[in-house]
Each structure stands twice: as structure tokens, then as C-alpha cells.
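Trainee: Questions regarding the structure given below will be posed in turn.
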Amino acid sequence: MIRTRTLALVLAPLLAWGAALPATGAQVPAMPPITAALNGQPLMLAPPAREIAGRLYVPLRALVAALQMRVKTEGGHITLSLPDHDVSVTVGQATVEAAGREVGIGAPIVQVDGSTMVPLRFVSAALGAQVSFDARARAISIVSVFAGASEAPPTQNAAVGRQVSGTVSAVDRNSQPPTVTVLQKNAPQTISMTSQAKIMLQDVSVHTTFAGTLADIQPGDELTATIDGDGSVHQVVDFFASHAGGIAAVSGSTFVLKDGRVVTPPAAGVVTLNGVAASVGELKVGDRVTLRFNPQTNEVKAVIASRPSAGTRLPEGAVRITSFATDATHPLRAGQTLNVTMVGTPGGTATFDLGPIVRGLPMAEVSPGRYRGSLPIDAGLNLTDISVFGELAVNGVAAPRAEAPAQLSVATTPPQLSDIAPMGGESVNNERPNIFATFTSPTQIAIDVRSVRIVVNGRDVTAQANINTDFVVYTPQQAMAPGPVNVSVSVADAAGNVVSRSWSFVIRRSQ
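Per the numbering used here, the very first residue in the sequence shown carries number 530; after that it's consecutive.
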């Protein structure tokens, strides 16, 4: 299993909110309440979500209930645990510890009328969910694989008109029809798969969802199946997590990645090296591995290892791949195309894989021994530093698997602009207000700080602003005239996905 450090989520004693909120001295026009949805279903927030000093806050208690986090109280401290990590926070601070890392959440955690309120960024940065806020619709959307993970509703069998959720224990691809067995609260449920069933795969580590086949469903994954009233399977969503890295050390049945992660696959786990079944003992320092593991238990179910085959001597006339490469020199975004080229034995069938995520993509032989393939990047595909592999077979004889020299990153989910100040429609007394916006990347592709732009009343003030990967802040050097102030902020990630936001506030005339 993957060994991760467990951290406590510590909430400080209740603070007096009245001393923490400055009075605005102005009435803000009434606006409709903010609504929320979790995995597409309405989420009740009590107390309601609210904007505080230009930042959107939600009640921590509602998140605990919705994600069914475990709670433990010790001497005024509270420990909250998700299936894959714990988080340590303190009321009044704007940073948290998540899985051993200090993470900024954009604004301090506060107490309001006895309820702990957290900024919306806390949900993504600390809890690992995907979060978006539609300011026009005043609607929050949260997507989390852990919703209801601790206490799934009981299902006695895979009856019609039901939803079956659990851990995949077996996949029988040879039966007619094929079946998938899941363990729901330790009770096996067998699902008969039909050709009409829509299969979707979701890698929760990189926030990517894509269409799959029955061959992509593996024991150890988490799965949710929707069964129609006539008994046919309407849709199956298979959840798993992945992690890629290079091996720094191997000892017996355990290996250590260069990022310090210690991995001991279970005896029933699958290990492959360059596409061939192997054991952990056959792995070497420098090998590149992709781990596929259960997102709730962190138990590794598959280790896909690769080792450059350059210099390997093959018998004369053996099927071989001489070279294999991609044209991706930077992270790709939706609408772009990944192109791959291969040189090898002519007259073969060539394919390429994106790690364990997308497999068996075809390549065409454009001239004897030269193969080309491509993959249009569609929305919903997010990958980080993943290996690209090429495979070639001639008359049923396969060449050693080849790995492209450069790894691939893809980001199709744009950054999010979450908190602003002064907030839209607000009236302020300060003639030199701090104007700021916070942003985050929901994928693992970093914000491109060079892309950040802030325009105030039609003037680009980026050069005078303080900018980092989390926020942009501009403070006018001289007093601004009373009246409306128009602000526009735009930011992009390293893949070139751009998000922008415009709003206005008013500087009141001094009395």
C-alpha cells in the first residue's frame, strides 16, 4: 500500500466573530441565496453560504456531513479524516496542512454565529474536490469521489432501478453477458454488463474523466453502476487513482519513488515491466512506474513499469522499435492535438498508450517502417507527467515496448478565479483600496504567473501589482476619485487555459 503521513485536523476554540468582521457602513442590494450541488445533487448548506470581504464561505459542518468525514474530538481539537488523507487547520489562519503539505486557502477560516465557515478554496485545496462557482447563477458545484464513501446506502442485490456502488472484486469478461462484481458493505453484488452500457473512467488524482471499455475496469477500483427499470445497466463510472514517478530504491517486495513515496504492492497486485508480467524484484533504480490504486484505501492494485530499451541487443531480424517520440513540448489543452511518430520494423501494427489511462490508440504506417498517430485533446482529459508508450507487432510477434523521451501533461480544466475584493457592487470608504483576486488550478498544471493581468478603469496596472501563483493584489499609489471602479483580471495555466473575471465597486465620496 502507499504509506502516507496522517495529519490531524485541528480546529481552535471558537472565536468571537463580531471582533473579526469590519463594518462596511453600507447596504448591499439584496441578492438571491447561493445554492450548492454535490456530484450533481442538491447540497443543503446550513448556515447558508455567504460572501465575506469578497470571498465565498461555506459551512464546514455541511461538508463533514456530505463527505461523511470521520470526526474525533480531543481537548478542544477536532480531527477530520477523508479516506485518503487528513487535513490540519486552525480557525483564523489562511493556510492548512493537507497530506503533509502547507496549502494556502486564500482567506482565514472564521467563526460566524457559532458555525465554522471555510473559504470555498478550502474544498479543493484541502479536501481534493473539484469546485466551481457560477457568479451569475450564484451556484456552487462540488465534485468529489468521496461523497458518501464512508456509509454507502445498503443495496441487497443489483435490482432494477437501483444504483450499486462498491469496490470491484472481480471482472468476468468471458461470461455471456460479461459481469462485474462489487463489494458493497462487504456484500457481493454482481452486475451483468450489456453492450449498451456506457462506461466512464475517472482518475481522481488528476481530475480527468474519459470514456472506457470493460477492459479498463480493474479489481480494486471503486465503481458506481446505474441500473434502469428494465434491468439493463445504463451507466458505469469506474473511479481509481494514479501516481507516477521514478524508482529511487528497491528492497525485496518494496520500492521507493524519488518523491519519497514507499510502495509495497500486495501479493495479488499486478506488476508489469515494458508490458510484460514481472515482479517487484525485477524492478531497478531509474525505472519509471505508474501506480494504479484504490482512491479510498490507497491500496496499490497495479504497477506499470517501463525501462528504456535503447541499447538492448535484439537478434537479427527481430521485430523492433528504433525510435518513438511525441511532438508535445509543453502541456496541451483542449482543441490541440498530440502527434506521435515511430520508426521500426515495416509491415506491422502499431499503437500508443498514455500510461494506463488511454490505451491502444492506432498508428498508421505512412511509409515502410514509419508510423504516425494522433490524439485530439478533448475536454475532460487532464494528465500530469504521464509516460507515452509505443507498441509494434508484426505477424503476431511484438517488439519490446518503447517509451517516448518526454512525458506528457494535459490540462483541459481552466483555472478558477474564486475570491475578489472589494466585492462586486460593494461601496467602500477607502480611496486607496486593496484590489485583489485569488485563483487556483483544479488540475496539477501550475498557474503561469506571467499570464496574470489586472486592468483597473481601463488601465493595465499589472506591473504595479503583487502577483504570485495564488493571487494578484493591486493598491493604488494615489487616491482614486469617488465613483465606480471597473476591474478585470485574467489568468492562464501552463497549458494556456485562460479564465477572466470583471466586476465593479464604488468608492464613496468622503463626507
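Backbone N, C-alpha and C define an ideal beta-carbon position, used for all residues, glycine too.
Kindly provide the ranges of any alpha helix (DSSP H) runs that are 4 or more residues long and lie completely inside the region 871-950, ordered along the chain.
Mentor: None, since the region 871-950 contains no complete alpha helix (DSSP H) of that length.
Trainee: Measure the C-alpha to C-alpha separation of residue 943 and residue 863 and round it to an integer number of angstroms.
Mentor: Cα to Cα, the separation comes out at about 10 Å.
Trainee: Taking only three categories from DSSP, how would you classify residue 782?
Mentor: Correct three-state label for residue 782: coil.
Trainee: Measure the C-alpha to C-alpha separation of residue 994 and residue 751 and round it to an integer number of angstroms.
Mentor: Spanning the two alpha carbons is a distance of roughly 45 Å.
Trainee: Can you grab the Cα-Cα spacing for the pair residue 893 / residue 988, in whole Å?
Mentor: The alpha-carbon atoms of residue 893 and residue 988 are separated by roughly 52 Å.
Trainee: Of the residues 673, 652, 577 and 948, which one's Cα is nearest the Cα of residue 632?
Mentor: Among 673, 652, 577 and 948, the Cα nearest to that of residue 632 belongs to 652.
Trainee: Is DSSP giving residue 848 helix, strand or coil here?
Mentor: Reduced to three states, the DSSP call for residue 848 is coil.
Trainee: Whole-angstrom Cβ separation of residue 761 and residue 725, contact assumed at under 8 Å?
Mentor: So it is a contact: roughly 6 Å between Cβ atoms.
Trainee: So, is residue 955 buried or exposed, given that buried needs 16 or more other C-beta atoms within 10 angstroms?
Mentor: Label assigned to residue 955: buried.
Trainee: If distances are taken between C-alpha atoms only, which option among 719, 621, 786 and 777 comes closest to residue 755?
Mentor: Of the listed residues, the one whose Cα sits closest to residue 755 is 719.
Trainee: Taking only three categories from DSSP, how would you classify residue 587?
Mentor: Three-state result, residue 587: strand.
Trainee: If you count every other CB in all the chains shown that lies within 10 Å of the CB of residue 697, and 16 or more means buried, which is it?
Mentor: By the neighbour-count rule (16 or more Cβ atoms within 10 Å), residue 697 is buried.
Trainee: Using a threshold of 8 Å, state whether the C-beta atoms of residue 861 and residue 903 are closer than that.
Mentor: No.
Trainee: Does the distance from the C-beta atom of residue 1028 to that of residue 946 stay below 8 Å?
Mentor: Cβ distance < 8 Å, so residue 1028 and residue 946 count as in contact.
Trainee: If we count the other Cβ atoms within 10 Å of its Cβ and call it buried at 16 or more, is residue 917 buried or exposed?
Mentor: The residue is buried, with at least 16 neighbouring Cβ atoms inside 10 Å.
Trainee: Does chain B have any CB closer than 8 Å to the CB of residue 964?
Mentor: Although the question refers to chain B, the structure presented lacks it and comprises just one protein chain.
Trainee: Going residue by residue through the region 947-983, where are the continuous beta strand (DSSP E) segments of at least 3 residues, counting only ones entirely within it?
Mentor: Entirely contained in the region 947-983, the beta strand (DSSP E) runs reaching 3 residues are, in chain order, 964-969.
Trainee: For residue 895, does the count of other Cβ atoms within 10 angstroms reach 16, so buried, or fall short, so exposed?
Mentor: Result: exposed.
Trainee: In angstroms with no decimal places, state the Cα-to-Cα distance between residue 930 and residue 808.
Mentor: Looking at the two C-alpha atoms, the distance is approximately 17 Å.
Trainee: Given that a residue counts as buried once 16 or more other Cβ atoms are within 10 Å of its Cβ, and exposed if not, what is residue 615?
Mentor: So residue 615 counts as buried.
Trainee: So for residue 867, helix, strand or coil by DSSP?
Mentor: Strand at residue 867.
Trainee: Would you call the region 966-983 and the region 1009-1018 in contact, with 3 or more CB pairs under 8 Å?
Mentor: The answer is yes - the region 1009-1018 touches the region 966-983, with three or more Cβ pairs under 8 Å.
Trainee: Going by DSSP in three states, residue 1023 sits in which element: helix, strand or coil?
Mentor: If DSSP states are grouped into helix, strand and coil, residue 1023 belongs with coil.
Trainee: One question on the structure: do residue 834 and residue 816 come within less than 8 Å of each other, judged by their Cβ atoms?
Mentor: In contact: residue 834 and residue 816 (Cβ atoms closer than 8 Å).
Trainee: Taking DSSP as the reference, what is the three-state secondary structure of residue 745?
Mentor: Helix, per DSSP.
Trainee: Among 786, 722, 738 and 741, which has the Cα closest to the Cα of residue 757?
Mentor: Among 786, 722, 738 and 741, the Cα nearest to that of residue 757 is on 722.
Trainee: Leaving out the 5 sequence neighbours to the left and right, which residues in its chain are closer than 7 Å to residue 672 when beta-carbon positions are compared?
Mentor: If we look at residue 672 and ignore the five residues flanking it on each side, its Cβ neighbours are 568, 658 and 659.
Trainee: Taking the C-alpha atoms as reference points, what is the distance between residue 678 and residue 574?
Mentor: With a pLDDT of 46 at residue 678, under the threshold of 50, the modelled position of that residue is not reliable, and no figure is offered here.
Trainee: Whole angstroms are fine: how far does the CA of residue 1039 sit from the CA of residue 859?
Mentor: When rounded, the distance between both Cα atoms is 51 Å.
Trainee: Measure the CB-CB distance between residue 609 and residue 593 and report whether it falls below 8 Å.
Mentor: Yes, they are a contact pair.
Trainee: When you compare the CB positions of residue 951 and residue 583, do they come within less than 8 Å of one another, or not?
Mentor: Taking 8 Å as the Cβ cut-off, residue 951 and residue 583 qualify as a contacting pair.
Trainee: Alpha carbons only, please: which of 1000, 900 and 599 is nearest the one belonging to residue 965?
Mentor: It is 1000 whose Cα lies nearest to the Cα of residue 965.
Trainee: Following the continuous alpha helix (DSSP H) through residue 653, name the residue where it begins and the one where it ends.
Mentor: Its alpha helix (DSSP H) spans residues 649-654.
Trainee: Do residue 561 and residue 576 have their C-beta atoms closer together than 8 Å?
Mentor: No, these two residues do not count as a Cβ contact at 8 Å.
Trainee: Less than 8 Å between the CB atoms is what I'm expecting for residue 622 and residue 637, so what's the real figure, rounded?
Mentor: So it is a contact: roughly 6 Å between Cβ atoms.
Trainee: Between residue 976 and residue 1022, how many whole angstroms is the CB-CB distance? I'm expecting something under 8 Å.
Mentor: Going by Cβ atoms, the distance from residue 976 to residue 1022 rounds to 6 Å, so yes, they are a contact pair.
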